[in-house]
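**Q**
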Amino acid sequence: MEKRLAICLLCAFFVLMATPLFSAPTKGGNEVSGKLVCATCELKKQGAVAQCDLYGHLHALRTKDGKIWSIIPNDSSKTLLRDESLVGKDVTVKGKSFPSAMQLDVAEYKIGSDWYSYCSTCKKIGKPHKH
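Letter 36 of the sequence shown, counting from 1, is numbered 28 in my numbering, and no numbers are missing.
As structure tokens, then:
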């Protein structure tokens, strides 16, 4: 019994050592491209009890590999999170990615050939504009 427990603990230790508990955020930023979707509507297709009509849509970025990246709310991501007309559009996001949490910290984003970011002019007009 003790030998079996020791073997189980040893195996658990090696599994934990081989698997990082938290992926570090990307350093210096990177680009993630995909389609802007409602994450809860996407998960509803897989059986989730999503109630967007009651609680609102939760915009996220679905990459070609099917992963759904949540977008961290900030000044630069505000339009991506709120503008319903952008859902379904191809978007490229520059910023930090946090793979263990599937979160994107947006610094700027591209729709079509236009890049958008948040600057002092944006603060005056209340939303990101083309740069």
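Yeah, the Cβ is synthetic: ideal placement off N, Cα and C, and Gly gets one too.
Let me make sure I understand the geometry here. Which of R74, L96 and C111 has the alpha-carbon closest to that of G48?
**A** For the purposes of this step, residue 48 is taken as the residue at position 56 of the sequence shown. Checking every option, the nearest Cα to that of G48 belongs to R74.
**Q** By DSSP, does A31 sit in helix, in strand, or in coil?
**A** For the purposes of this step, residue 31 is taken as residue 39 along the sequence shown, with counting starting at 1. Helix, per DSSP.
**Q** Going by C-alpha distance, which of A52, D45 and N66 is nearest E34?
**A** Within the sequence shown, residue 34 is the residue found at index 42, counting from 1. Answer by Cα proximity: A52.
**Q** So the candidates are P65, T32 and K88; which of them puts its Cα closest to the Cα of D45?
**A** By one-based count along the sequence shown, residue 45 stands at place 53. Checking every option, the nearest Cα to that of D45 belongs to T32.
**Q** Hey, could you find the ends of the alpha helix (DSSP H) D45 is sitting in?
**A** Within the sequence shown, the letter at position 53 stands for residue 45. Element bounds for D45: C44 to Y47.
**Q** The beta strand (DSSP E) that contains L53, what's its start and end?
**A** In the sequence shown, residue 53 corresponds to position 61, counting from 1. Taken as a continuous stretch (DSSP letters only), the beta strand (DSSP E) holding L53 covers H51 to R54.
**Q** In the DSSP assignment, the beta strand (DSSP E) including K102 goes from what residue to what residue?
**A** For the purposes of this step, residue 102 is taken as residue 110 along the sequence shown, with counting starting at 1. Per DSSP, K102 belongs to the beta strand (DSSP E) from Q95 to I103.
**Q** For I60 and W107, I'd like the C-alpha separation in whole angstroms.
**A** For the purposes of this step, residue 60 is identified with residue 68 of the sequence shown, where counting begins at 1. For the purposes of this step, residue 107 is identified with residue 115 of the sequence shown, where counting begins at 1. The straight-line gap from Cα to Cα measures roughly 22 Å.
**Q** Just how far apart, CA to CA, sit V85 and S109?
**A** Here residue 85 refers to the residue found at position 93 of the sequence shown. Here residue 109 refers to the residue found at position 117 of the sequence shown. Taking the straight line from one Cα to the other gives about 10 Å.
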